[in-house]
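Chains A and B, in that order, give the protein sequences.
If you use numbering that gives the first Met the number 0, the first sequence corresponds to residues 0 to 598, in order.
If you use numbering that gives the first Met the number 0, the second sequence corresponds to residues 0 to 598, in order.
2 protein chains.
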Amino acid sequence: MSYLINRRDLDFLLYELLDAERLCRLPQFAQHDRATFEQVIETAEQLAESQFLTHAAEADQHEPHFDGSAVSMLPQVKTALDAFIAAGFLSAAFPVEDGGLGLPYTITAAANALFTAANAGTAGYPFLTAAAANLLRVHGSDTQKLRYMRPMLAGRFFGTMCLSEPQAGSSLADIRTRAIPQADGSYHLVGNKMWISGGEHELSDNIVHLVLARIEGAPAGTKGISLFIVPKFRLDANGDPAARNGVRLAGLNHKMGFRGTTNCALNFGETEPAIGELVGRANEGLACMFHMMNEARIGVGTGATMMGYAGYRYSLDYAKTRLQGRLASNKDPASKPVAIIQHSDVRRMLLAQKSYVEGALALCLYGATLVDELEAAEQESDKESLRLLLDILTPIIKAWPSEWCLEANKLAIQILGGYGYTRDYPVERLYRDNRLNPIHEGTNGIQALDLLGRKVTMKNGAAFRLLLTTMQSTVKAAGATPELAEYAGALAAAITLAANTTQTLAGAALKGQVDLFLANAAHYLEMLGGIVIAWMWLRQAQVAQLALAGAAGTDMDFYQGKLSACRYFFRYELPKCEGHAKLLMQLDDTTLTIPEGSF
Amino acid sequence: MSYLINRRDLDFLLYELLDAERLCRLPQFAQHDRATFEQVIETAEQLAESQFLTHAAEADQHEPHFDGSAVSMLPQVKTALDAFIAAGFLSAAFPVEDGGLGLPYTITAAANALFTAANAGTAGYPFLTAAAANLLRVHGSDTQKLRYMRPMLAGRFFGTMCLSEPQAGSSLADIRTRAIPQADGSYHLVGNKMWISGGEHELSDNIVHLVLARIEGAPAGTKGISLFIVPKFRLDANGDPAARNGVRLAGLNHKMGFRGTTNCALNFGETEPAIGELVGRANEGLACMFHMMNEARIGVGTGATMMGYAGYRYSLDYAKTRLQGRLASNKDPASKPVAIIQHSDVRRMLLAQKSYVEGALALCLYGATLVDELEAAEQESDKESLRLLLDILTPIIKAWPSEWCLEANKLAIQILGGYGYTRDYPVERLYRDNRLNPIHEGTNGIQALDLLGRKVTMKNGAAFRLLLTTMQSTVKAAGATPELAEYAGALAAAITLAANTTQTLAGAALKGQVDLFLANAAHYLEMLGGIVIAWMWLRQAQVAQLALAGAAGTDMDFYQGKLSACRYFFRYELPKCEGHAKLLMQLDDTTLTIPEGSF
């Protein structure tokens, strides 16, 4: 069995749950059909297994090394990336006129998911490059697209996003990197950037850094931030890399996991000019960057999900083959040991993993379809609805999988026991890799503030209301099926709870109690996230229940599994939202009132 | 500030909460007083900081290495252990007549806790040695005590516990190592042992393996297991190490964390005889081993707690000094950034850690006082009560801290953000180290079965009832204090919930539905564990509330912190027990009914 994913499940999510084929009816995807999509996924799976998975453990043991002048790493990384680029994956989601394959984001997100499951460290480089190239596609000038985006999509140049600084991680308002205007219209950048993934390596002819900085004299805070291209090598008139630019690696960060992707402290303009060019308009850099944020955050959520998924698959296979112990009801010590999948606590840990990773993947791919639909929508009212749904779901898509699919990895280790704790098995590596996901691309604390403080309240609660009514339509449809009535009822009650909780919180906000309103934002995200995943499970159960009647053989098992996981989620996980709601309704101020000296 | 522990808190727990001074009134501890105890803790803290903490990160980076003939490791490990032994810590809890210091277990547990907080890998060797020596103290013959236990207590020999085998981790009934009786009364052992901590090294003159094996012809299952001493070097007539015995290192396991302690696959009698001697009576090996289990499991719980505690302290210090962002209510981007401890989500993560680690430490030390009291008790009725309480609390003491203080480590990383994810800071190492604790010394799944399937039901529920009435007496006393009435009421309700849940489950057991009875044992442990920790918080709050009136300065802050953490635990954590109880009351069979092919 493949450890990366259950392909039957991926097909179920794409075609039975989300009807990805309908994307082919949109004008920009009209050249594709389901056969193309399946070929893409098939190729991705083969490449991920044959080129990425094969060096995942070794890359973890031998992380990139900086000798003071260059960064070296396992040669298999470049081999894998060359194959990835040659197969067209780097530019797959880009329009054909930009040199891409014009595939829906939904399909490339699913394909990329397989590479993350196999080897997140190696997959990081092209993912970052595609994200940076996409930013230039939307905000770059024609010249910038030609000189930077095109070589990035061809895999000749790689890209980075340089936001954080050593003194300002989550707080972009406080970045200090300066951009000094030059007579020729260019800028000299001066400052230090931190946590820059892919910030240095020898994998590509050039590295295109997209850098947030302040033009001298710009307003304080986020309204004075601009976006710049600062390449490692300046381009000559032909667009070829020429003179070295003044961006230098100060040092590599040595991480607990995700070790294959270099993570860098970069100095700009320390000893030589770091020459950059402005992207978009001055002081609008953060808006440009945030435009890409939804997809970047869906990417993190999907990555977290797939690390959990791979651990689930591995521990499932282990549980089926490892013989140990007997059922509690069997007192005969001379009887043969059973496969540990027969022990209820192992089954609990498998069902928990299954419900987290398959529920999360459904949500991530659903989010991806919203991106495609938004890109294709022609009516402004459709656009608005899609944008609202995407906006409110994005912090959940980023944060929920990165909490709970990490928990899945923890359970996978537990199923393997002592073996799971050793580096001879992949589950401990997946756990270490996944621990990054609650931190980067906006910590989960920041996601919680974004959700409650911005997305829920924006436009008088329009996004929140739309999410509730969208979920309610599933409740209504599922409630008619007797087998699903229990879950439909539970989801309906949870939606009411979320509405009431939100009303109470909004009351505090209206009274100006801003700190109290946001004090338990993390619990709000947990609550709403759990409800949204329950909704995804009810939708999956609907499809499975309907299909079960006509199913046979392994398909029957498969659909039954969806129903069992739905039941698990509704009985074991969704009830947690009640505790969160109670706490939130009380407007509890415990965290605000404890004196600093009392910790 | 010390990262290992808040000494004010340790003193509070030992003297204000648990009245450790009263132990000096017991005959065997009459030679001690509080001053002695404080000196022991003081020495432990200094030694832990100066000799153990100093090489913790380096030992993690450079784990022990086996070149095929010998195991090498950092020289600082031996230096630290020599100092530890010279200061008397290895034998501190042993009676004076055995060469120990005759200190209460409570005090040595507290002292040992500091070494774990500093460097669990190095501390592992003497802890294992003391546990093995203690087993010989109780079950060994006089000759065995003289020849093996005494040199162990002197630190000349180290010890191990050899239980698990590659095919039998949790299932001791299935161990296969054979013991073949010899004409001279000795045994030749033949078999493979796995996960043996401290199984090979060059730190001591000898290694005394305590090995579970089957004498040829013994009954199947756990009733045919005997205990043997198998030394690395056989002793000559003078008790000095002489000829090499046939126990050989097959290989070191390479772990995610806890890397300083060698973890070994050992072969017995593969190419040369592994000569052993029986400890206690034939076929009673498991009973001998289990006699030591309570203390070993309290040791794991305390270790898990202290790894969490060290992470809490480190992230607290970081949160006080790291400046970033502004309060949500402050919209002025030109204002100065605040220390992140002012952000409510950081405070939430600190309070959660505080409530987990201080609550868990209170429970572990309370368990330790039960061990001391049981050892000293003269009336059989007292003995019986103490034994019951200790028996039912032990699986909770092992499992709850190893789940929730690991969660504390996860939160500590989150507070440090990207920095926390790098190996330049200790929090990621503590998280990796702590991940072992839910696995070893009986996985937490095994603890859950032990709690519900054995401890709760034994003697017609006597231990369970005693635990409830003991907790109820706290409820009654605390209920009289208006400031604590909310918590007393909540604990009373939770106790009732636990009683009802247990009754429902017992009903299923009585009907012979054994698998259904135990299907959600993990949730039962979570539920009862949370209630017990809430009880510990209410007890701490009682003491703090009383002391607050007469307190001044930092003491006032300290007691206020106890009250705030109590409030946090009761409002944010205890309510989770309702969800567990609901699930358990339903006798939910989701995990039992899903077909194996449906995962």
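From the three backbone atoms N, C-alpha and C, an ideal C-beta is built for every residue, glycine too.
As the structure is a prediction and not an experimental result, all values here were calculated from the model.
Chain B contact for residue i (CB, 9 Å cutoff)
i          : result
His-522(A) : yes
Val-513(A) : yes
Leu-80(A)  : no
Ile-412(A) : yes
Ile-297(A) : no
Lys-510(A) : no
Leu-466(A) : no
Arg-6(A)   : no
Pro-394(A) : no
Thr-304(A) : no
Phe-88(A)  : no
Collapsed DSSP secondary structure at residue i in the structure displayed
i          : result
Lys-353(A) : helix
Gly-198(B) : coil
Tyr-186(B) : strand
His-31(B)  : coil
His-64(B)  : strand
Glu-485(B) : helix
Ser-71(B)  : strand
Arg-146(A) : helix
Asn-293(A) : helix
Glu-164(B) : strand
Pro-262(A) : Checking the sequence shown, residue 262(A) turns out to be Asn, not Pro. Three-state DSSP puts Asn-262(A) in a strand.
Neighbour flag for residue i against chain A, beta carbons, 9 Å
i          : result
Ala-518(B) : yes
Ser-225(B) : no
Ile-593(B) : yes
Lys-192(B) : no
Tyr-600(B) : Only positions 0 to 598 of chain B appear in this structure, which leaves residue 600(B) out of reach.
Ser-1(B)   : no
Phe-598(B) : yes
Lys-397(B) : no
Thr-159(B) : no
Gly-460(B) : no
Gly-560(B) : yes
Glu-577(B) : yes
Pro-26(B)  : no
Where residue i falls, given that 16 or more other Cβ within 10 Å makes a residue buried
i          : result
Arg-21(A)  : exposed
Asn-459(B) : exposed
Gly-585(B) : For clarity, residue 585(B) is Gln in the given sequence; the question names Gly instead. So Gln-585(B) ends up on the exposed side.
Ser-170(B) : buried
Val-455(A) : buried
Asn-436(A) : buried
Val-207(A) : buried
Gly-552(B) : exposed
Thr-393(A) : buried
Gly-139(A) : buried
Contact test: residue i Cβ vs the ligand ADP heavy atom, cutoff 8 Å
i          : result
Pro-218(B) : The ligand ADP is absent from the structure shown, which contains no ligand whatsoever.
Query - Residues within the stretch 436–447 of chain A neighbouring chain B, beta-carbon criterion of under 8 Å - result: Pro-437, Ile-438, His-439, Thr-442, Asn-443, Gly-444 and Ala-447
**Report entry** Positions along the stretch 248–261 of chain A whose CB lies within less than 9 Å of some CB in chain B
**Finding:** Asn-252, His-253, Lys-254, Met-255, Gly-256 and Phe-257
Report task. Please name the residues in the stretch 338–361 of chain B whose beta-carbon is closer than 7 Å to at least one beta-carbon of chain A, in chain order. Result -> Ile-340, Ser-343, Asp-344, Arg-346, Arg-347, Leu-349, Leu-350 and Lys-353
Report task. Count the CB pairs spanning the stretch 158–177 of chain A and the stretch 207–216 of chain A that are closer than 8 Å, and state whether there are at least three. Result -> yes
Query raised in the report: Is there contact here, the stretch 307–323 of chain A with the stretch 397–409 of chain A, by at least three beta-carbon pairs under 8 Å?
Result: yes
Query raised in the report: Using 8 Å as the threshold, is the stretch 465–485 of chain B in touch with the stretch 534–544 of chain B, meaning 3 or more CB pairs across them?
Result: yes
Requested in this report: Pull out every residue of the stretch 418–435 of chain B whose Cβ sits closer than 9 Å to any Cβ of chain A, in chain order.
Outcome: Tyr-418, Gly-419, Tyr-420, Thr-421, Arg-422, Asp-423, Glu-427, Arg-428, Tyr-430, Arg-431, Arg-434 and Leu-435
Query raised in the report: Are at least three pairs of beta-carbons, each pair with one atom in the stretch 435–453 of chain A and one in the stretch 413–432 of chain B, less than 8 Å apart?
Result: yes
**Report entry** the stretch 323–335 of chain B: positions lying closer than 7 Å to chain A by Cβ
**Finding:** Gln-323, Gly-324, Leu-326, Ala-327, Ser-328, Pro-332 and Ala-333
Query - Residues of the stretch 165–177 of chain B with Cβ closer than 8 Å to any Cβ of chain A, in chain order - result: Gln-166, Ala-167, Gly-168, Ser-169, Ser-170, Ala-172 and Asp-173
Query - Touch test, the stretch 332–342 of chain A against the stretch 378–391 of chain A, Cβ-Cβ under 8 Å, three pairs minimum - result: no
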